[in-house]
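Under our numbering, the first residue of the sequence shown carries the number 1, and numbering increases by one thereafter.
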Amino acid sequence: MVKSRTSKQLKRRIDFRSLNKVELIVCEGSVTEPVYFRSLRGALRLHAVKVEVVGLRQSRPIDVVDHAISKKKQGAREGVPYDRIWCIVDVELPQHKTLDQARQRAAQVSNVKLILSNPFFEYWFLLHFKKIITPFSEDKQLQKTLKEVHPTYKKTDIGFNVLYPRTDIAIRHSKEVLIETTCAKDLRDYNPSTHVHILVEHLQKIALQ
1 MVKSRTSKQL KRRIDFRSLN KVELIVCEGS VTEPVYFRSL RGALRLHAVK
51 VEVVGLRQSR PIDVVDHAIS KKKQGAREGV PYDRIWCIVD VELPQHKTLD
101 QARQRAAQVS NVKLILSNPF FEYWFLLHFK KIITPFSEDK QLQKTLKEVH
151 PTYKKTDIGF NVLYPRTDIA IRHSKEVLIE TTCAKDLRDY NPSTHVHILV
201 EHLQKIALQ
């Protein structure tokens with residue numbers, strides 16, 4: 001008779017596999033973005049791939065990319081490289097001065113991916129409720145529009161339980177915006193737009209492994 005695997009044996013197998021597959025998300029913000037991705041990581045119950053999330057304080061796009069490159073050289077731990085590193089960066093208003101430099105540097109390093117939101121990351125949250133292609137002129141305008149559809153939202157309390165069930169809506173809206181505004185891969189001149197859906201879909205995919 002073949003003995004069935006115990007839950008402890010299965011957990012040990014998953015843990016062993018995870019040691020060889022680690023990804024890193026480096027966020028320009030220290031609160032909003034890390035809270036979102038840590039919450040998403042928990043909701044998706046990732047097992048086969050360990051996803052680390054780091055938030056930087058008062059950082060510039062170039063700081064995010066430099067931190068990512070430094071972590072890539074260091075690795076997740078001895079003998080375990082990062083499979084991918086994602087850099088979460090806002091274009092901002094006006095466009096951040098180091099954005100061009102950050103894009104160029106990230107493009108020179110394999111497996112370091114730049115995920116832009118124009119003008120701010122909160123546009124991704126807004127897409128969970130409605131599709132807007134009218135440009136935003138300032139952060140306060142975007143925050144006000146978001147709170148009209150997500151009244152409980154705060155930078156320190158994003159209301160993930162409200163956002164998460166609408167993830168597929170946000171992904172669809174985000175893709176439609178890129179098509180309707182004929183956005184290229186470079187979103188610097190396309191306000192509003194975001195590539196956050198690329199990372200979210202990736203996390204959804206590895207959750208199935």
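Where a beta carbon is used, it is the ideal one built from N, C-alpha and C, also for glycine.
From the options, residue whose alpha carbon lies closest to that of residue i
i	options	result
A106	L142, V80 and D63	D63
E92	K73, P61 and L56	P61
R172	L187, D139, D186 and F125	F125
K147	I133, T134, F129 and E138	F129
N111	V22, L208, K185 and R188	V22
P94	T167, N191 and S70	N191
S117	G42, G29 and L187	L187
F121	T98, R41, V196 and H150	V196
K131	K73, L203, E52 and T181	T181
S98	V65, E33 and G42	In the sequence as displayed, the identity of residue 98 is Thr instead of Ser. Cα-wise, what sits closest to T98 is V65.
C87	Q204, I198 and I179	I198
P34	T156, Q104 and Q74	T156
Q58	A48, Q74, V89 and E52	V89
H202	I169, K144, R84 and A102	R84
I133	R103, D189, K185 and P151	D189
Cβ-Cβ distance between residue i and residue j below 9 Å
i	j	result
Y123	F136	yes
Y82	L163	no
V127	V177	Strictly speaking, residue 127 in this sequence is Leu, with Val absent from that position. Taking 9 Å as the Cβ cut-off, L127 and V177 qualify as a contacting pair.
V109	A68	yes
A76	K113	no
V200	L40	yes
K71	L24	yes
Q204	T167	yes
D139	P119	yes
F160	A43	yes
Run of the beta strand (DSSP E) containing residue i, from where it starts to where it stops
i	result
D90	Y82 to D90
L24	V22 to C27
G159	It is not in any beta strand (DSSP E) - G159 carries neither H nor E in the DSSP assignment.
K50	K50 to G55
L208	Segment: none, L208 is in no beta strand (DSSP E) and carries neither H nor E.
K113	V112 to N118
Alpha helix (DSSP H) segment containing residue i, residue limits
i	result
V149	D139 to V149
I132	Counting along the chain, I132 falls outside any alpha helix (DSSP H), and DSSP gives it neither H nor E.
K72	P61 to Q74
G79	Taken as a continuous stretch (DSSP letters only), G79 belongs to no alpha helix (DSSP H), as it is neither H nor E.
T152	Premise fails: T152 is in no alpha helix (DSSP H) and is neither H nor E.
Y36	T32 to L44
T167	T167 to E180
F125	E122 to L126
R101	Sequence inspection shows Gln at residue 101; the Arg mentioned does not correspond to that position. Here the alpha helix (DSSP H) through Q101 covers L99 to A107.
Assumed close pair residue i, residue j - CB separation to whole angstroms, cut-off 8 Å
i	j	result
L46	I158	No, L46 and I158 are not in contact; Cβ-Cβ is about 19 Å, not under 8 Å.
L56	E78	That pair is no contact at about 24 Å.
C183	S174	Not a contact, Cβ separation roughly 10 Å.
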